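Each remark here refers to the structure printed beneath this line.
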Amino acid sequence: MEPGLQQAPQLHTEIISWFTANARDLPWRRPGCSPWGVFVSEIMLQQTPVVRVLPVWEQWMKRWPEPSALAAEPSGEAVRAWGRLGYPRRALRLHAAAAAMTDRFNGSVPATREELLTLPGVGTYTAAAVASFAFGRRETVVDTNIRRVHARALSGKALPAPALNAAEMRLAVELLPDDDAASVAWNASVMELGALVCTARSPKCAVCPVRQRCAWVAAGEPAPDYVPKGQAWAGTDRQVRGALMAVLRQAREPVPRNLLLGPADLTTAAAATDNNTATSSAEADAGTDAAALAKLHALQAPAEQLERALAGLLADKLAEENDAGLQLPV
DNA sequence: TACGCGTGGTG
DNA sequence: TCACCAAGCGT
Numbered sequence: 001m002e003p004g005l006q007q008a009p010q011l012h013t014e015i016i017s018w019f020t021a022n023a024r025d026l027p028w029r030r031p032g033c034s035p036w037g038v039f040v041s042e043i044m045l046q047q048t049p050v051v052r053v054l055p056v057w058e059q060w061m062k063r064w065p066e067p068s069a070l071a072a073e074p075s076g077e078a079v080r081a082w083g084r085l086g087y088p089r090r091a092l093r094l095h096a097a098a099a100a101m102t103d104r105f106n107g108s109v110p111a112t113r114e115e116l117l118t119l120p121g122v123g124t125y126t127a128a129a130v131a132s133f134a135f136g137r138r139e140t141v142v143d144t145n146i147r148r149v150h151a152r153a154l155s156g157k158a159l160p161a162p163a164l165n166a167a168e169m170r171l172a173v174e175l176l177p178d179d180d181a182a183s184v185a186w187n188a189s190v191m192e193l194g195a196l197v198c199t200a201r202s203p204k205c206a207v208c209p210v211r212q213r214c215a216w217v218a219a220g221e222p223a224p225d226y227v228p229k230g231q232a233w234a235g236t237d238r239q240v241r242g243a244l245m246a247v248l249r250q251a252r253e254p255v256p257r258n259l260l261l262g263p264a265d266l267t268t269a270a271a272a273t274d275n276n277t278a279t280s281s282a283e284a285d286a287g288t289d290a291a292a293l294a295k296l297h298a299l300q301a302p303a304e305q306l307e308r309a310l311a312g313l314l315a316d317k318l319a320e321e322n323d324a325g326l327q328l329p330v
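For the first sequence, the residue numbers in the UniProt record's numbering are 1 to 330.
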């Protein structure tokens, strides 16, 4: 990694030039976008692809053009508007961050990394990214794309380490241009290169602006020295929670617990009459989506797992319990 | 430090 | 098809 630092100036020039010609036209990058717009985009983009964020971001900014507007509404509305972006706790944290901005920062997005770090849902990456992209400050932005570009171009490895480490952070700090504007351009450019060209699975080295300088290419593109750990899904509480969330998100009135916890009653009722007509009407009466409910029941999760998953939702305040059953806060 | 956290597109 | 992967965070 050290040797590559000598060509940092060339890397800056070539990657920033590539960005100028090839960057995607994303709404949160446009000159008129507010710091709040940048902030919202950064939270939504945590572990979620750009194409899925775009439509939700547009609707979000139209409905809540500034932090105080979001803070004025119940958190459940944020969860609903979040839709299927995933990790719905991010919606709660974004709502809480808007409340904190309203209370502690005069209704504005704070401009410094230190202040940004005090907001819920804002960690090392997001604080640096917002300070850099929304406020033009010189901050070292390190995300998964940037780590991968650094690992390949400078360290000659196929993939970065499983977790961000001190050596990577030092390298990123040393690579950051001194000039404020150049540092912002560099952050955005390396990230975009990692997202569009230096991708995880099938890097497009043929169109890479720095392929001649890439340590990984020079080393003959060696394979990763570790096996990425998979994300377990089938049969997990997480899967059950996701199915529960899909039902609760669109429900406009309390959802009875027994409707969520098992199809037993419905099966009996349906069998007693004829087909699933009874099931459909029962679900319609509860204001729930039949398809979402069917997916939940199709998992055939054990009752104790359903209870545990439901408790997990309640613990995160994604739903509130009342006499009638369950619903999102309204 | 390692793990859990949603969702859907894709090679 | 089915793991892998995606602008991380909090514990």
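Ideal placement from N, C-alpha and C gives every residue a C-beta, glycine not left out.
Please read all numbers here as calculations on a predicted model, not as lab measurements.
{"Asked": "Could you tell me which residues DSSP puts in a beta bridge with N53?", "Found": "In the sequence under discussion, the amino acid at residue 53 is Val, which differs from the Asn named in the question. Note: V53 sits in no beta bridge, so no partner."}
{"Asked": "In angstroms with no decimal places, state the Cα-to-Cα distance between R152 and V122.", "Found": "28 Å"}
{"Asked": "To the nearest angstrom, how far is the alpha carbon of P203 from that of V197?", "Found": "6 Å"}
{"Asked": "If you compare alpha carbons, which of L259, A292, L244, R249 is closest to A311?", "Found": "L244"}
{"Asked": "Just how far apart, CA to CA, sit V40 and G156?", "Found": "34 Å"}
{"Asked": "Can you list, in chain order, the stretches of the alpha helix (DSSP H) that have 4 or more residues and sit fully within the region 134-196?", "Found": "144-149, 166-175, 180-196"}
{"Asked": "Assign A315 to one of two classes, buried (16 or more other C-beta atoms within 10 Å of its C-beta) or exposed (fewer than that).", "Found": "exposed"}
{"Asked": "Within the continuous alpha helix (DSSP H) that includes K295, where are the two ends?", "Found": "290-298"}
{"Asked": "Taking R252 as the reference, which of D289, A69, E139 has the closest Cα?", "Found": "D289"}
{"Asked": "Quick one: is A128 buried, meaning 16 or more other Cβ sit within 10 Å of its Cβ, or exposed?", "Found": "buried"}
{"Asked": "Buried or exposed for S189, please, with buried defined as at least 16 other CB atoms from any protein chain shown within 10 angstroms of its CB.", "Found": "buried"}
{"Asked": "Note the first and the last residue of the continuous alpha helix (DSSP H) segment covering R90.", "Found": "89-104"}
{"Asked": "With DSSP run on the structure shown, which of helix, strand or coil describes V227?", "Found": "coil"}
{"Asked": "R238 and V79 - do their beta-carbons sit closer together than 8 Å?", "Found": "no"}
{"Asked": "CA-CA distance, W233 and G83?", "Found": "20 Å"}
{"Asked": "Per DSSP, what kind of secondary structure is V255 in: helix, strand or coil?", "Found": "strand"}
{"Asked": "Assuming contact is defined by CB atoms lying nearer than 8 Å, are D143 and M191 in contact in what I supplied?", "Found": "yes"}
{"Asked": "Where does T112 fall in DSSP's three states?", "Found": "coil"}
{"Asked": "If we call anything under 8 Å between Cβ atoms a contact, is D180 one with R137?", "Found": "yes"}
{"Asked": "What ranges does the alpha helix (DSSP H) occupy inside the region 61-92, keeping only unbroken runs of at least 4 residues that lie completely in it?", "Found": "67-71, 75-82"}
{"Asked": "When the Cα atoms are used, what is the spatial distance from R211 to A8?", "Found": "14 Å"}
{"Asked": "Starting from the C-beta of L299, find all residues in its chain whose C-beta is less than 8 Å away, skip the five residues before and the five after it, and write them out in chain order.", "Found": "Q239, V240, A243"}
{"Asked": "Check A232 in the structure and name its three-state DSSP category.", "Found": "coil"}
{"Asked": "For my contact list, F133 and V38 are in at a C-beta cut-off of 8 Å; report their separation, rounded to the angstrom.", "Found": "5 Å"}
{"Asked": "Roughly how many angstroms lie between the CA atoms of A163 and P256, to the nearest whole one?", "Found": "42 Å"}
{"Asked": "Would you report the Cα separation of I16 and A215, rounded to the nearest angstrom?", "Found": "19 Å"}
{"Asked": "What does the alpha-carbon distance come out to for the pair P228 and L54?", "Found": "28 Å"}
{"Asked": "What residue from M44, A98, R52 has the CA that sits closest to R90's CA?", "Found": "M44"}
{"Asked": "Measuring straight from C-alpha to C-alpha, what distance separates S108 and R24?", "Found": "27 Å"}
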